[in-house]
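Engineer: The letter at position 23 of the sequence shown is residue 113 when you use the working numbering, and the numbering goes up by one with no holes.
Just so it is clear, CB atoms sit at the ideal spot from N, CA and C, and this is done for glycine as well.
This one's a predicted model, so the numbers in the text were calculated from it and none came from an experiment.
The structure under discussion is supplied below as structure tokens; questions concerning it will follow.
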Amino acid sequence: QVQLVESGGGLVQPGGSLRLSCAASGSIFGLYTMGWYRQTSGKERELVATITTDGSSDYADSVKGRFTISRGNAKNTVDLQMNSLKPEDTAVYYCNWRRPGWIQNYWGQGTQVTVSS
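Here is the structure:
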């Protein structure tokens, strides 16, 4: 079992910044990927950014150049720095932890990000 605790999120004006953090605990060992997905009402959950244990990262085209994913100071944490936020970034953001091939997969409880003036 893996537990994920998310922090950050909130309300920000367009052009502003927010930072999301996720800490994983439990059976953390070997190769895995951590990342962030987001979902709005009536739409499927979509990739935002992921990072592997060797530091390889992947981003959705819509956030490239604005968002940065990184491993936190603690080994099993991941941060998402979100800059130049747009109203279309408004969503519930979910932290994800998974093994290669999605043979194990866990989600956080979600944190709301609202970009509005």
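So what's Gly191 in DSSP terms, helix, strand or just coil?
Structural biologist: When DSSP states are grouped into helix, strand and coil, Gly191 belongs to the helix group.
Engineer: Return the bridge partner residues of Ala181 from the DSSP annotation.
Structural biologist: Val203
Engineer: Tell me whether Glu136 is buried or exposed, calling it buried when 16 or more other Cβ atoms sit within 10 Å of its Cβ.
Structural biologist: Its Cβ having fewer than 16 others within 10 Å, Glu136 is exposed.
Engineer: Let's see if you can read the secondary structure: which residues bound the beta strand (DSSP E) around Val153?
Structural biologist: Following the DSSP letters along the chain, one finds Val153 in no beta strand (DSSP E), marked with neither H nor E.
Engineer: Mark Asn186 as exposed unless 16 or more other C-beta atoms lie within 10 angstroms of its C-beta, in which case mark it buried.
Structural biologist: buried
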